[in-house]
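Written below as structure tokens is the structure these notes are about.
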Amino acid sequence: MDQAISEMVPLAGSLARVEWRRSARARRVSLRIDPRDGAVVVTLPLRAGRPAGMALLMDHADWVAQRLAALPGAVAFKDGALVPVEGVEHRIRHMPPGTLGGRRGTAWLDEGELRVAGDPAFLERRVGDFLRAEARRRLSVLLAQKVAASGLRPSRVTVKDTRTRWGSCASSRALAFSWRLVMAPHFVQDYVVAHEVAHLQHMNHGPRFWALVDTLTPHTRAAVAWLRDEGPRLMRVGP
Ligand SMILES: [Zn+2]
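If you read the sequence shown in my numbering, its first letter stands for residue 32, the second for the next number, and so on.
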């Protein structure tokens with residue numbers, strides 16, 4: 032099991048939160064930024080000491096500082112906040128009692144707003160529930176298309192809050208997707224679903240895997256670039 036300890040480390044003129052992880056699986060000292068909370072994660076193999084991690088950190092201090100500075104601020108699900116839905120920013124708006132307009136449910140999209148009715152104390156949870164349900168609905172439509180096109184069928188599909196992956200395919204043929212994909216543009220959702228469906232045939236990222244992905248979506252190149260550039264921001268929205 033991995034262990035984590037957290038401390039503030041002076042880095043390139045400011046303080047960075049560094050999370051030390053010791054991992055039996057790690058083969059070398061490594062460094063990454065967790066875009067969700069802006070922590071610098073240093074992973075140490077069992078045989079490496081903290082000085083090795085600190086040396087790597089100091090060698091890359093400028094890179095780390097630049098990456099931290101480039102992280103956009105976190106966005107909470109609060110009245111007035113902007114949240115992207117399928118690539119389009121929507122403002123969260125709490126609707127006072129009596130303005131439901133006959134709609135079902137307690138959250139809906141209208142006129143560029145994500146409108147939420149009911150007790151404001153539950154607004155944050157309602158926005159989260161709404162976006163998860165939307166993710167499930169939109170990804171299911173795409174999945175049905177890819178299943179029909181490929182003849183490849185997953186054993187089950189779940190929508191989760193995965194921090195490090197947009198989608199995954201288990202050897203049991205179960206697919207999982209991050210609910211955060213609902214915030215990404217449609218072409219990105221299309222690509223991620225195609226990618227995971229292609230893993231039902233090829234459990235690797237070899238040339239035959241990518242050839243199959245390309246038969247299922249025309250968006251691979253653009254979507255990979257979008258996820259690299261814009262993906263970290265989506266990790267900082269919501270709970
Ligand atoms: Zn993959």
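A virtual CB, placed ideally from N, CA and C, is assigned to each residue, including glycine.
Residue environment, residue i, which counts as buried when at least 16 other CB atoms sit within 10 Å
i	result
G198	buried
W94	exposed
D221	buried
V172	exposed
F153	exposed
R196	exposed
E227	buried
G133	Since pLDDT at G133 reaches only 46, below the 50 mark, its modelled position is unreliable, and the value read off the structure follows with that caveat. Answer is exposed; the Cβ neighbour count stays below 16.
H236	exposed
G269	buried
S203	exposed
W210	buried
E142	exposed
K109	exposed
D259	With the sequence shown as reference, residue 259 is identified as Arg, and Asp is not the correct amino acid for it. Classification of R259: exposed, given that the 10 Å Cβ count is below 16.
E144	exposed
Under the three-state DSSP convention, the category residue i falls into
i	result
H233	coil
D245	helix
H250	coil
E261	helix
F218	helix
A175	helix
M39	strand
R156	helix
P115	strand
H125	strand
A70	strand
S61	strand
A166	helix
Of the residues the options, the one placed nearest residue i, counting alpha carbons only
i	options	result
F161	A180, P103, T251 and V190	V190
A96	E261, F240 and P66	P66
A83	R52, I64, G69 and R98	R52
A201	V188, T251 and R211	V188
A215	E120, S61 and L75	E120
A148	S61, M126 and L231	M126
H217	G182, P238, N235 and A253	A253
L99	G69, A79 and P128	G69
P76	P128, R56 and L87	R56
A92	V49, D110 and A107	V49
L265	L247, V106, F240 and S181	V106
L206	G80, L170, V213 and P238	L170
Residue(s) in a DSSP beta bridge with residue i
i	result
P76	S54
F208	V190 and G198
R48	M39
A138	V147
V223	Note: V223 sits in no beta bridge, so no partner.
V106	V268
Test: residue i CB closer than 8 angstroms to a CB of chain D
i	result
G69	Structure shown: chain D not included; a single protein chain is present.
Subject >> Beta carbon nearer than 6 angstroms to a non-hydrogen atom of ligand 1 >> reply: Having a Cβ closer than 6 angstroms to some heavy atom of ligand 1 are H226, H230 and H236.
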